[in-house]
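Residue numbers (this note's numbering), protein chains in the order written: chain A, 113 to 619; chain B, 745 to 912.
All residues carry an ideal CB built from backbone N, CA and C; glycine is no exception.
Working notes for the structure below.
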């Protein structure tokens, strides 16, 4: 599985690299697949409300009302109908890319299993919404879908096999049609909202909207597509006829040819098999999680920065329980913690300058890798350097392999996420013999632990607590954000930086 | 990268995105039936005959039963398999058997099956057995039909008049 994931990640990274060049990191659609999906849902909702105003929810009037929208009021209702369809198709693309990307990045196992697990049934609801939408047009395609869906449902042994008889002779009952309209307009959307809420419930500070430029560009592209190639219907449904050639929407209706060719049993087996496989993926195999962060109340002043910075909402603040003068203390929800260490980076007590005990203990840190380990590694790394110009590279374990940069003038300190780095550690390194410090982590907008690089950048710029000491020369701190595919660039940048330092030292 | 080139490439990316959406939302076309084909749909609900008649129980047999289950007659619930044989222009094109559902095979059969049918004039003949017989037929329906492309011919069963019917 790891080989598959790595190969897959290599492809995703290569595609993303191209998009970074063309769109920039901030607007790279691959970094906003989740928020783009939400955005498409908004387009679907708004266009759907307009279409519903003109739509007749009965068998006799449904087709004609859709035809009216497409041909008579094409300039608004027609565009809305097309937008409704194309945004629905677009959301399938973004959902599958999102799925592929999270799998490739290995962000679906361990503590993060929940979002993956709840995402799979969400996909089912989205597909059911699409199918029921096509049903409501009540053209030959809708008739085909209605009959094939009935065949699928009738195949289930526990369901009395009678649904297909609704579509064989005479007219479909309005009650049945109204039921479908209810499912599409209310039942399934309510389920979708609930599942989406569940899907994102274990992460904090969710980006529900893509960047404005990306949102405008995408909407514009869909409107142009709607104008150039408006969505049209097949002929009106006629139960005495069977369809011949169908223009299927393969994003939603791909299961139906399978029903025709292989039968409902095989179609069910394939779809449930794929679903079960996807649901079980986080445990094939599962990831052995490292021990979670622990709170050391003795060193905590209850500032709440760790709760603000935690990307998974694993930390909340509660009333102080140890009788000290502070109002609050953090509380850990172990099942949400990914052991990224970002909380250690956000804690003021992680400062390596703190006096007192020999061992530095932060207010919050992982028992296997804490503020003291960072300080000791920095100290030890610096002690081993022999060159005139010495630098320390701090990097995360999920992006570029900084260990490979180690040489006589370069020390490397690796951590689970660059967000774990307390800014004062940079001051400490510079004060203890480093001529410069180099920070590297995941590409901007694409942190493995969601916000590690974002918070680090903000801390270095002094926009977010904690920050570096004011007197430390900031020009000695260099950052490089990149992915596994960009090690050469990192290596060249570090070399260049060291060369500059050397020249500075020599002069 | 030059800003004009970047915008051009962004435009190209949006175009590819929309092209994929448009293409897969309508193409490739799927031929459910060929242009020269129609379709037969065999579809009906029918409770077939019971396989065994009721028998009067002897005193000895009654005695063996618990007191609350002693009825003078024993009526096995099992129903016959419904068999439908379809001939088109004298050639057999389908021989379908529908086993009554239920633990005792005693529930109503929901028969449903589809067959492609070439367009043109045909003699459609349907034989149905619902009594467990292995020879002959309990119901027969034969009709000359003229079929156009895409037409759906539904073979049903009129449970009121106890006869097969064609709807097209």
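Exercise. Alpha carbon to alpha carbon, how far is residue 903 of chain B from residue 884 of chain B? Give it in angstroms, no decimals.
Key: Near 14 Å, if we compare the C-alpha coordinates of residue 903 of chain B and residue 884 of chain B.
- Message: Using only the alpha-carbon positions, how far apart do residue 192 of chain A and residue 150 of chain A sit?
- Response: Approximately 18 Å, taken between the alpha carbons.
Just the chain A side, please: which residues come within less than 7 Å of residue 827 of chain B by C-beta, in chain order?
Using a Cβ-Cβ cut-off of 7 Å, residue 827 of chain B is close to nothing in chain A; its nearest Cβ partner there is about 18 Å away.
Can you list, in chain order, the residues of its chain whose CB lies under 8 Å from that of residue 363 of chain A, leaving out five sequence neighbours each side? Excluding its 5 nearest sequence neighbours in each direction, residue 363 of chain A has C-beta neighbours in its own chain below 8 Å: 200, 201, 204, 205, 242, listed in chain order.
Problem set entry | 6 Å Cβ shell around residue 799 of chain B - same chain, five flanking residues per side excluded | Taking residue 799 of chain B as the centre and dropping the five residues before and after it, the same chain places the C-beta of 818 closer than 6 Å to its C-beta, in chain order.
Practice item. Mind checking who residue 559 of chain A pairs with in its DSSP beta bridge? Key: Checking the DSSP bridge columns, you'll see residue 559 of chain A partnered with A:562.
Roughly how many angstroms separate the alpha carbons of residue 379 of chain A and residue 252 of chain A, rounded to a whole number? Residue 379 of chain A and residue 252 of chain A have their C-alpha atoms spaced approximately 22 Å apart.
* Asked: Does any CB atom of chain B fall closer than 8 Å to the CB of residue 125 of chain A?
  -> Residue 125 of chain A is outside the set of residues whose beta carbon lies under 8 Å from a beta carbon in chain B.
**Message:** Contact between the stretch 275-288 of chain A and the stretch 161-172 of chain A is defined here as three or more beta-carbon pairs at a separation below 8 Å; is this criterion met?
**Reply:** In short, these stretches touch, since the Cβ pair count reaches three.
task = Rank A:207, A:291, A:217 by C-alpha distance to the C-alpha of residue 115 of chain A and give the top, closest one.
result = Taking only the C-alpha atoms, the option nearest residue 115 of chain A is A:217.
Length of the line joining the Cα atoms of residue 898 of chain B and residue 823 of chain B
If I take the Cα positions, the gap works out to 25 Å.
C-beta contact flag for residue 354 of chain A and residue 783 of chain B at 8 Å = Between residue 354 of chain A and residue 783 of chain B, the C-beta gap is smaller than 8 Å, which places the two residues in contact.
Q: Write down the C-beta distance between residue 411 of chain A and residue 454 of chain A rounded to the nearest angstrom, noting that I regard them as a contact closer than 8 Å.
A: With 8 Å as the limit, residue 411 of chain A and residue 454 of chain A do not qualify as a contact, their Cβ atoms being about 17 Å apart.
message: Let me check understanding here. Comparing Cα to Cα, which of B:856, B:867, B:893 lies closest to residue 267 of chain A?
response: The candidate whose alpha carbon is nearest that of residue 267 of chain A is B:856.
| said: Buried or exposed, going by whether 16 or more other CB atoms sit within 10 Å of the CB of residue 762 of chain B? | reply: Its Cβ being crowded by 16 or more others within 10 Å, residue 762 of chain B is buried.
- Does the beta-carbon of residue 873 of chain B have 16 or more other beta-carbons within 10 angstroms, so that it is buried, or is it exposed? Residue 873 of chain B sits buried, since 16 or more C-beta atoms from the chains shown fall within 10 Å of its C-beta.
Checking the sheet assignment: what are the DSSP bridge partners for residue 313 of chain A? None, per the DSSP bridge assignment.
Query - residue 593 of chain A - DSSP class collapsed to helix/strand/coil - result: Correct three-state label for residue 593 of chain A: strand.
- request: If I'm right that residue 424 of chain A touches residue 450 of chain A with Cβ under 8 Å, what's the distance once you round it to whole angstroms?
  value: Right, their Cβ atoms sit about 6 Å apart.
Using alpha carbons as the reference points, say which of A:545, A:325, A:244 lies closest to residue 144 of chain A.
Ranking the options by Cα distance to residue 144 of chain A, first place goes to A:325.
Exercise. Apart from the five residues on each side of it in sequence, which residues of its chain come closer than 8 Å, Cβ to Cβ, to residue 271 of chain A?
Worked result: 265.
Q) Which word fits residue 588 of chain A, buried or exposed, when buried means at least 16 other C-beta atoms lie within 10 angstroms of its C-beta? A) The residue in question, residue 588 of chain A, is buried, as its Cβ has 16 or more Cβ neighbours within 10 Å.
| message | Against residue 205 of chain A, what residues of chain E qualify as contacts under a CB-to-CB distance less than 8 Å, listed in chain order? | response | The structure shown contains no chain E; its protein chains are A and B.
Residues, ordered as in the chain, of the stretch 890-904 of chain B that lie near chain A by beta-carbon distance below 8 Å
Along the stretch 890-904 of chain B, going in chain order, the ones with a CB nearer than 8 Å to a CB of chain A are 893, 894, 895, 896, 898, 900.
- Message: Less than 8 Å between the C-beta atoms of residue 534 of chain A and residue 584 of chain A, yes or no?
- Response: Taking 8 Å as the Cβ cut-off, residue 534 of chain A and residue 584 of chain A do not qualify as a contacting pair.
- Consult DSSP for residue 268 of chain A and reduce its assignment to one of helix, strand or coil. Of the three classes helix, strand and coil, the one that applies to residue 268 of chain A here is coil, per DSSP.
**Q.** Cβ shell of residue 789 of chain B (< 6 Å), same chain only, five flanking positions each side left out
**A.** Hits under 6 Å: 852, 854.
Under 7 Å Cβ-Cβ, which residues of chain A neighbour residue 775 of chain B?
-> By Cβ distance, chain A contributes 356, 357.
Quick check on residue 216 of chain A: does DSSP put it in helix, strand or coil? In the structure shown, residue 216 of chain A sits in a helix (DSSP, three-state: H, G or I).
- [ ] Please confirm whether residue 545 of chain A and residue 502 of chain A have their CB atoms less than 8 Å apart.
- [x] Yes, they are a contact pair.
* Asked: In chain order, what residues of the same chain have a beta carbon less than 6 Å from the beta carbon of residue 845 of chain B, not counting five sequence neighbours either side?
  -> Around residue 845 of chain B: 851.
Worksheet entry | CA nearest to the CA of residue 529 of chain A, picked from A:518, A:491, A:568 | Closest option to residue 529 of chain A, Cα to Cα, is A:568.
TODO: Helix, strand or coil for residue 484 of chain A, going by three-state DSSP, please let me know.
DONE: If DSSP states are grouped into helix, strand and coil, residue 484 of chain A belongs with the helices.
Can you tell me whether DSSP reads residue 479 of chain A as helix, strand or coil?
For residue 479 of chain A, the secondary structure class from DSSP, reduced to helix, strand or coil, is coil.
Rounded to a whole number of angstroms, what is the C-alpha to C-alpha distance between residue 227 of chain A and residue 152 of chain A?
So the two alpha carbons sit approximately 19 Å from each other.
Is residue 768 of chain B close to chain A? Criterion is C-beta to C-beta, closer than 8 Å.
Taking Cβ atoms only, chain A reaches closer than 8 Å to residue 768 of chain B, which makes this a yes.
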